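J.: Provided herewith is a single structure, encoded as structure tokens, for subsequent inquiry.
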Amino acid sequence: MSEHPSNEEWLFDYQLLSKLVIGIGEVSDITGLPTRKIRYWEDKGIIQSKKDCEGGTRKYSYLDIKKIILIQELLADGYTLDAAAKKVENRIKNINQTMLGLSKYLDQQD
DNA sequence: GTTCTCACA
DNA sequence: TGTGAGAA
């Protein structure tokens, strides 16, 4: 097993992941959702993709995929699409706020 | 492969 | 809440 990575290495990994973008067809293959449904969610404002300059095709980050998977789970649990989207949005918001708080806390340590 | 739109369950 | 079909 490799040595425990430094903070810098973790940060580098995250930046790499953030820049990782794939097309709608690949997202469809990975998540099992038809491309048609992914566009439908996007039209409803549930998903936000970035469009690349060439041809205006949609590009999705791994965070978008996470979001899709979470919504998919909630739908399977009987949530409506809007309710599922709202819940996922709140989860992301809460996590971000907590991590921001952690960041501020760590800055005060030294 | 992707985009969009109109129609239909 | 989605799908199908057609056209670009």
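For the first sequence, the residue numbers in our numbering are 43 to 152.
Backbone N, C-alpha and C fix where the C-beta goes; we use that ideal spot for every residue, glycine too.
Source: prediction; values computed, not measured.
1. Taking just the CA atoms, how far does Ile113 sit from Ala127?
2. With distance defined between alpha-carbon atoms, name the residue in Gly97, Ile107, Glu51 nearest to Thr77.
3. Kindly give me the distance between the Cβ atoms of Leu116 and Lys101, rounded to whole angstroms, as I take these residues to be in contact under 8 Å.
4. Note down the Cα distance separating Asp152 from Gly98, rounded to an integer number of angstroms.
5. Could you tell me the alpha carbon to alpha carbon distance between Lys92 and Thr140, rounded to whole angstroms?
6. Between the alpha carbons of Val69 and Ile110, how many angstroms are there, rounded?
T.: With the given structure in hand:
1. 6 Å
2. Ile107
3. About 24 Å; that fails the 8 Å criterion.
4. 47 Å
5. 26 Å
6. 9 Å
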